[in-house]
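Engineer: Residue 231 is where the sequence shown ends in this note's numbering, and the numbering goes up by one at each step.
Backbone N, C-alpha and C fix where the C-beta goes; we use that ideal spot for every residue, glycine too.
Please read all numbers here as calculations on a predicted model, not as lab measurements.
This is the structure I have questions about; it appears just below.
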Amino acid sequence: MIDDQIFTGVPETGSEDRRRLIEFCEGQRSKILSAIPWVAAEIADQAGFEVLFEVLRHHGGMTCYVPHDIRRCQSKFGIPIPEKLHDRFIILSDSNGCINIPSAWGVFLAVRRVAICMALEDGKPNKDIARCFGVTDRFLRSLRSQRRQAGLAEA
């Protein structure tokens with residue numbers, strides 16, 4: 077069944093919708109990690125989706141300097157950053173030592189797109205998908221066409 081609520085917008089911290097969105101992300105972990113930007117995927121993979129959404133809430137859409145000292149980095153981001161994640165940020169940061177944190181809305185749209193594709197795979201009617209996700213029938217026809225061209229079968 078399609079969840080009517082969790083894809084209507086970025087849920088507030090501590091809300092039931094946030095809990096259900098995180099539960100959805102954990103249940104579809106590999107699909108979500110492959111659909112979101114690398115920085116978001118690294119955070120979610122190393123620290124979890126709850127931490128990811130908190131980082132996005134505070135720093136989303138910003139270019140952030142990554143201090144080489146892990147304690148300073150944890151203080152800056154306000155989360156307990158695992159050493160492995162800190163090392164990845166240092167290695168993958170730009171020449172100024174910065175990373176671009178994607179916007180919460182951009183990550184949310186990527187997660188929502190995964191859910192839409194799952195609904196298409198389940199053979200849900202366009203009308204139900206459009207109502208649940210706030211997309212047009214034209215968008216769904218286009219997405220179905222793209223998926224067929226990519227060789228992704230639907231139910």
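By alpha-carbon positions, which one of ILE82, SER91, TRP114 ends up nearest to CYS101?
Structural biologist: Here the closest residue by C-alpha is ILE82.
Engineer: Alpha carbon to alpha carbon, how far is VAL187 from ALA265? Give it in angstroms, no decimals.
Structural biologist: Nothing can be reported for residue 265, as the shown portion of the chain is limited to 77 through 231.
Engineer: Does DSSP put ASN202 in a helix, a strand or coil?
Structural biologist: Looking at ASN202 - three-state DSSP - the assignment turns out to be helix.
Engineer: Whole angstroms are fine: how far does the CA of ARG220 sit from the CA of GLY227?
Structural biologist: In a straight line, the C-alpha of GLY227 is about 11 Å away from that of ARG220.
Engineer: Ignore the nearest five residues each way along the sequence and tell me which others in GLY137's own chain have a CB closer than 6 Å to its CB.
Structural biologist: SER179, listed in sequence order.
Engineer: At the level of alpha carbons, what is the spacing between ILE177 and LEU185?
Structural biologist: Computed Cα separation, rounded: 15 Å.
Engineer: To the nearest angstrom, report how far apart VAL211 and ARG148 are at their CA atoms.
Structural biologist: Going by the C-alpha atoms only, they are around 42 Å apart.
Engineer: Count the CB pairs spanning the region 160 to 175 and the region 127 to 141 that are closer than 8 Å, and state whether there are at least three.
Structural biologist: With a cut-off of 8 Å, the region 127 to 141 and the region 160 to 175 count as touching, because enough Cβ pairs lie within range.
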